[in-house]
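These protein sequences, in sequence, are chains A and B.
Here my numbering = 1-based position in the first sequence + 8.
Here my numbering = 1-based position in the second sequence + 6.
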Amino acid sequence: MIYATLAFAMGCFGIGLLLNLWRIMRGPDLADRILALDTMVINVIALLILYGIYGGTAIYYEAAMLIAMVGFVSTVAYCRFVLRGDIIE
Amino acid sequence: MELIVEILVSFFLVIAGIFGLVGSFGMIKLKDTMQRLHAPTKATTLGIGGVLIASMLYFSLVKGAFSFHELLITLFLFLTAAITANFIAKTYMVRNVTRDELPETGRRIGWSIFDDPPETPPSKE
């Protein structure tokens, strides 16, 4: 039963990634694209942890944690670049 | 006992999948950028939270290895979601809102998206 629900959850987050890609493609504003990229990072974290449960290993937590940090820093850096024209003043 | 654990883990996985899909579906469903800012919070809190709770339950009850990694990821995401949303809203404002549309701040310093930060902090006035 766990494997069936794992497949369901993976499918949900995978469809979510496709919807975010559509939003990145359409825009219309730059803020939409940054927001869609940030949501993609969230979906990828969920997919990684689900894959960790599927494989039965705890090795994917570190990867999920790293992706969470990189996603946050990249989103803030992109926003700061648009806001101030510079990332670190 | 085994069945109860399986039902519990499956319940959290289904909840997480549904909320993750709702969060991403809101990205294409909602009309305005500021409205769309609302949608991914569902995926961040309930989607990721459900996945992490299911993972904690699975590894502690089925595999017999308890760990706190998942709580770290939850804490980090909860802390950073607010900052990210604030920055994205500021990015939208600086590109689409003019200075005339905003009300006065009523202070020495104007809106942070238009004015540079002050040299001295406001409390030293």
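Here a beta-carbon is modelled for each residue, glycine too, at the ideal position from N, C-alpha and C.
Predicted model, so just to flag it, every value in this text is computed and none were measured.
Among the residues facing chain B, ASP37 (chain A) is included, as its CB has a counterpart in that chain under 9 Å away.
For ILE115 (chain B), no Cβ of chain A is located within less than 9 Å of the residue's own Cβ.
When secondary structure is reduced to three states using DSSP, ILE89 (chain B) falls in the helix class. Contact between PRO46 (chain B) and ILE61 (chain A) fails: their C-beta atoms lie close to 23 Å from each other, not under 8 Å. Taking a beta-carbon distance threshold of 9 Å, GLY23 (chain B) counts as an interface residue toward chain A. For TRP30 (chain A), the enclosing alpha helix (DSSP H) covers residues 10-34. Nearest to ILE42 (chain A) by alpha-carbon distance, out of A:LEU55, A:ASN28, A:ILE53, A:GLY24, is A:ASN28. Residue state for ALA71 (chain B) is assigned as coil, using DSSP reduced to three classes. In the three-state DSSP reduction, ILE75 (chain A) falls in the helix class (H, G or I). Residue B:LEU19 holds the alpha-carbon nearest to the alpha-carbon of LEU55 (chain A) among B:ASN92, B:PHE31, B:LEU19, B:PHE74. Under the Cβ criterion (8 Å, minimum of three pairs), the region 102-121 of chain B does not count as touching the region 50-60 of chain B. Contact between the region 29-39 of chain A and the region 98-109 of chain B is present: 3 or more CB-CB pairs across the two stretches fall below 8 Å. The beta carbon of PRO127 (chain B) does not come within 9 Å of any beta carbon belonging to chain A, so the residue lies off that interface. Interface criterion met: the Cβ of GLY24 (chain A) is under 9 Å from a Cβ in chain B. For TYR62 (chain A), the enclosing alpha helix (DSSP H) has its first and last residue at 38-63. Residue state for VAL84 (chain A) is assigned as helix, using DSSP reduced to three classes.
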